[in-house]
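One structure is given below, encoded as structure tokens.
Here you go:
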């Protein structure tokens, strides 16, 4: 589904990303792990064509993201709060995104109904603007918006940060359901090793822009990661 | 300790992005402040002589005193609208081992050095000096001056106690207007009555001590009130307002640009920065009333163009000049969403065009000043739709400054760069020059026709122009994303 080839990103002399080749098959739940500055967000930003790679390219479903915009039809993402429109209520925001993704009012209603548990009655009908919600609740709205309109690729940067424990557990369930049919490819980055190992079937560790580990998740993965990072 | 605070203050000021980013704006603001200072200084120096000449049989000091009521209430009203207690940035100090008392004293003291407290002194001090040179009683004048300074400081602290209370505001307005009315209709000379109080102080300067007491009392009340509220859930917290949701279903008729237009409407109603801009519409619409009632401008047809372009285009200019910076905070999200750039720009074009037509329709009563005025306004409307919308959308590709929507609007130049100033030339000056030339060389009718024709040509070329502009936006996409990502 997603293929990165000879991908590098440099700012002046400093190289922040260097991925020779990385392929993520359709339906995989893919986890990206690494310390600050490892290049996780840079990778996502290039994948979303928000910054340009210095060399190489990423293609998503055979579409090279920086030459065609067709990938936008099947990609949903939530990178940070700047993806939210602060002066809208969550309902209005979902309407906006849904509208752009070709959903009508009824579609949006039905879609949101699945997330009642995830929202935990803190998002809808609260008469609050997104900018006035807590960080965790903002994140909930952003994550759900990223899943709107039958996205085939869902990109979530640090989805577990700022969420309360209950919501973290519910989010894990949500991601598992999403990848159940092996149709939706989910890309997640996280600092929380337990969460990624639980949710992702494959974990890639980045360090200073390089892929240093590429693991099929198993019982031993968490230990392996912990020992890697405890250096 | 105080030196620590001052150090922080210094850094806060000079390291703020505003200061570093746009020196030009700062110069403008400084000039603005200097202008006021010089005005007050000149009045302060000249007041004695002017009053002496105009009213030779009256004492200038008494005259000035009899106006002080107005000065003080106007000052309070001005403060009421503009001044805010600087409490927001003390959050980070709360956990550091500094006594809360100290923080509170610091905030209050800091407020007494505000610009509002100094501007009056530029009048009072030179006026007092002139009085002394004119052989007024030195002690008396000094007592009077001290009273003035104490009063300004008292106003400062009174304002914080009032703290945006509308009732007090109403009372102040009533004093100002009522005082004027009773004086005007010779019922009771309230300002002069208050003025005699100040005359008494000049005669018995020791009475200035009363105002020392007043200031101390006000300071104390402020102190106590603040001291109780240095908590996160009290004064430092920002209140969140309940959202007023609206469907804006009428916008759905606009087809595929509807979601963007709904967003823009909500953007305007729900953010501090844009809300005050809405008032600019009224000013723009009524702009003609500055000119048309005066006979001088009756036959200056070029002025019709100015008013026509400006009054039908106020929204175009106020809103358009910051496209796409209005959406800067969530620009990344927009850029990863599933729509064509053209659709986004089209929505901006549609909302601006609607505003232009609407403002023209609202301005039809200008026909009272002659059919020529309306005709020119009509041509200006077409020109605005056909030419200026495209120019301003094109200008938007040069926008590189983020706008923080939550910040207040008065004196807020955030997002302003050289573009905003330069773009005004083709928008206003070009049609005026063109019109003026043709109307002078050929005739009024032809000039109007040319203006409107340019607009129609622009409308005819709309598709082509938009494709060109869209491509410019796409080329600049990454630069804009990067620039809007920077905190400003």
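Chains as they are written, first to last, in the numbering used here: chain A, 1 to 231; chain B, 1001 to 1488. Think of the CB as a built atom: it goes at the ideal place given N, C-alpha and C, for glycine as much as any other residue.
With a threshold of 16 other beta carbon atoms within 10 Å, residue 1073 of chain B meets it and is buried. Bounds of any beta strand (DSSP E) do not take in residue 1190 of chain B; it lies within the alpha helix (DSSP H) bounded by 1190-1203. For residue 11 of chain A, the enclosing beta strand (DSSP E) starts and ends at 2-11. Non-local beta-carbon contacts of residue 1367 of chain B in its own chain, meaning distances under 6 Å to residues more than five positions away in sequence, involve 1374 in chain order. Look at residue 1055 of chain B here: in three-state DSSP terms it is coil, with no helix or strand label. In this structure residue 1376 of chain B is buried. Its beta-carbon is surrounded by 16 or more other beta-carbon atoms within 10 angstroms. A Cβ-Cβ contact shorter than 7 Å links residue 1191 of chain B with residue 1179 of chain B.
Neighbourhood of residue 1347 of chain B in chain A, by CB distance below 7 Å: empty, with the nearest CB roughly 12 Å away. Along the region 1324-1355 of chain B, going in chain order, the ones with a CB nearer than 7 Å to a CB of chain A are 1329, 1330, 1332, 1333, 1335, 1336, 1337, 1338, 1339.
Taking 7 Å as the CB threshold, residue 1271 of chain B lines the interface with chain A.
Within the region 1245-1263 of chain B, those residues whose Cβ lies closer than 8 Å to any Cβ of chain A are, in chain order, 1245, 1258, 1259, 1262, 1263.
Residue 1103 of chain B has its alpha-carbon roughly 11 Å from the corresponding atom of residue 1095 of chain B. For the region 100-117 of chain A, the set of residues with a beta-carbon nearer than 9 Å to any beta-carbon of chain B comprises 100, 101, 102, in chain order. With contact defined as three or more Cβ pairs closer than 8 Å, the region 1121-1129 of chain B and the region 1023-1042 of chain B are in contact. Its Cα nearest to that of residue 1428 of chain B, the residue B/1311 stands out among B/1474, B/1193, B/1311, B/1471. Beta-bridge partners assigned by DSSP to residue 64 of chain A: A/59. Out of B/1383, B/1331, B/1147, the CA that lies nearest to the CA of residue 1208 of chain B is found in B/1147. Under the Cβ criterion of 7 Å, residue 1150 of chain B is not counted among the residues facing chain A.
Secondary structure at residue 21 of chain A: strand, using DSSP grouped into helix, strand and coil.
Using a Cβ distance threshold of 7 Å, residue 1080 of chain B and residue 1157 of chain B do not count as a contacting pair. Within the same chain, and ignoring the five residues on either side of residue 1150 of chain B in sequence, the residues whose Cβ sits closer than 8 Å to its Cβ are 1208, 1211, 1212, 1214, 1215. Straight-line measurement puts the Cα of residue 207 of chain A at about 15 Å from the Cα of residue 227 of chain A. Straight through space, the alpha carbons of residue 1468 of chain B and residue 1249 of chain B are spaced by roughly 32 Å. Distance from residue 143 of chain A to residue 171 of chain A at the Cβ level is roughly 7 Å; contact confirmed, criterion being Cβ atoms closer than 8 Å. The beta-carbon of residue 1050 of chain B is placed no less than 7 Å from the nearest beta-carbon of chain A. For residue 66 of chain A against residue 52 of chain A, the beta-carbon gap comes to about 6 Å, under 8 Å, which counts as contact.
Around residue 1267 of chain B, the beta-carbon contacts reaching into chain A at under 8 Å are 87. At a cut-off of 7 Å between beta-carbon atoms, residue 1243 of chain B makes contact with chain A. By the beta-carbon neighbour count (other beta carbons within 10 angstroms, threshold 16), residue 1034 of chain B is exposed.
For residue 1400 of chain B, same chain residues with a beta-carbon under 6 Å away, outside a window of 5 residues either side, are 1483 in chain order.
For the region 44-74 of chain A, the set of residues with a beta-carbon nearer than 7 Å to any beta-carbon of chain B comprises 48, 50, 51, 52, 72, 73, in chain order.
In the structure shown, the three-state DSSP call for residue 213 of chain A is strand. Taken in chain order, the whole beta strand (DSSP E) runs of length 3 or more contained in the region 94-180 of chain A are 153-157. Nearest Cα to residue 1426 of chain B within the set B/1126, B/1386, B/1406: B/1386.
With 16 or more neighbouring CB atoms inside 10 Å of its own CB, residue 1388 of chain B falls in the buried class. Bridge partners of residue 14 of chain A according to DSSP: A/11.
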